[in-house]
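Data block below; observations after.
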DNA sequence: GTAGGACCTCACATTGACGTCAGGGTCAAG
DNA sequence: CTTGACCCTGACGTCAATGTGAGGTCCTAC
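Residue numbers (my numbering), protein chains in the order written: chain D, 1444 to 1571; chain P, 1444 to 1571.
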């Protein structure tokens, strides 16, 4: 498939796909005219890249860990440690976000309750 | 307290604290000479700001929702909806990150198993 | 009253993952 | 062989939070 189709299939812009290639995250065959051509498996790969990016991994980090994701045979102690570090970081970030989520959820609940009440503006002002 | 102390207490740089003020997220009293002065409660407030930033809220979004966090009396339907939207977004992001976390955890597990195998001579040295 | 560390206000630089424009080549269809 | 949609390579723009440097001010201690 060509870059436009892959973009369509993944939700990533052509610009992003070229950027991923530039960062070494995504390969492509080229036609004689120089146009990129992707196998169907590229869809899954792009999804993985975007998922890792969304999780806060940088493209260079993804560059480091991607080979061992797609080819499990490649493993080094350094790579293992890197994966562990990233997992720890993601876990920390998840916990932090969950705390923040609870703050927001508490606010939403408070508002929902407040809106149900007739005119009790000071119904539950018991938070710091 | 002065900006340096607040920076020390919160882990935010003085530059960041001035930025938060510039964005309307953080108030400060000024001395006659123009230097910022903060009450002790500012520590908690900065922590909240940073937590929301870390959760992916932009400073302008935080600007919108902060007043109702610190002063529960202020509530409008628009603000409630805004909070709900942000909560939904954070929840989506959390689910996405948890899926990615599982991918990473799966890899780490796979590696861990591989490293338990007999001839794993490099058990301890995990330097970068 | 003076040293010097902390602080002030601009204002430009940086980083990362893209958007976007310019100028030109490719390719399936007619 | 020409059209027109799609694609190419630069290269500069963006956005948000922050770094950084210049040039000047404040304030506590001596």
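C-beta atoms are modelled at their ideal positions from N, C-alpha and C, and glycine is treated no differently.
Simplified DSSP assignment, three categories, for residue i
| i | result |
| --- | --- |
| residue 1447 of chain D | helix |
| residue 1519 of chain D | coil |
| residue 1565 of chain P | Note on residue 1565 of chain P: pLDDT 33, under 50, position unreliable in the model; no value is reported. |
| residue 1552 of chain D | helix |
| residue 1560 of chain D | Since pLDDT at residue 1560 of chain D reaches only 45, below the 50 mark, its modelled position is unreliable, and the value read off the structure follows with that caveat. Three-state result, residue 1560 of chain D: coil. |
Chain D contact residues for residue i, given Cβ-Cβ distances below 8 angstroms
| i | result |
| --- | --- |
| residue 1526 of chain P | 1547, 1550, 1551 and 1554 |
| residue 1590 of chain P | What is shown of chain P runs 1444 to 1571, which leaves residue 1590 of chain P out entirely. |
Expected contact under 8 angstroms - CB spacing of residue i and residue j to nearest Å
| i | j | result |
| --- | --- | --- |
| residue 1543 of chain P | residue 1495 of chain D | 6 angstroms |
| residue 1452 of chain D | residue 1486 of chain D | 5 angstroms |
| residue 1470 of chain P | residue 1506 of chain P | Their Cβ separation, rounded to whole angstroms, is 12 angstroms, which puts residue 1470 of chain P and residue 1506 of chain P out of contact at 8 angstroms. |
| residue 1533 of chain D | residue 1477 of chain D | Not confirmed; about 38 angstroms, so no contact. |
| residue 1508 of chain D | residue 1526 of chain D | 6 angstroms |
| residue 1539 of chain P | residue 1497 of chain D | 5 angstroms |
| residue 1445 of chain D | residue 1479 of chain D | 7 angstroms |
| residue 1548 of chain P | residue 1530 of chain D | 6 angstroms |
Fill in: Secondary structure, alpha helix (DSSP H): runs of 4+ residues fully inside the segment 1448–1512 of chain D
1457–1465 and 1484–1497
Worksheet item: In chain order, what residues of the segment 1528–1550 of chain P put their CB closer than 8 angstroms to some CB of chain D?
Response: 1529, 1530, 1533, 1534, 1536, 1537, 1539, 1540, 1541, 1542, 1543, 1544, 1546, 1547, 1548 and 1550
Worksheet item: Relative to chain D, which residues along the segment 1485–1502 of chain P have a C-beta separation below 7 angstroms, given in chain order?
Response: 1494, 1495, 1497 and 1498
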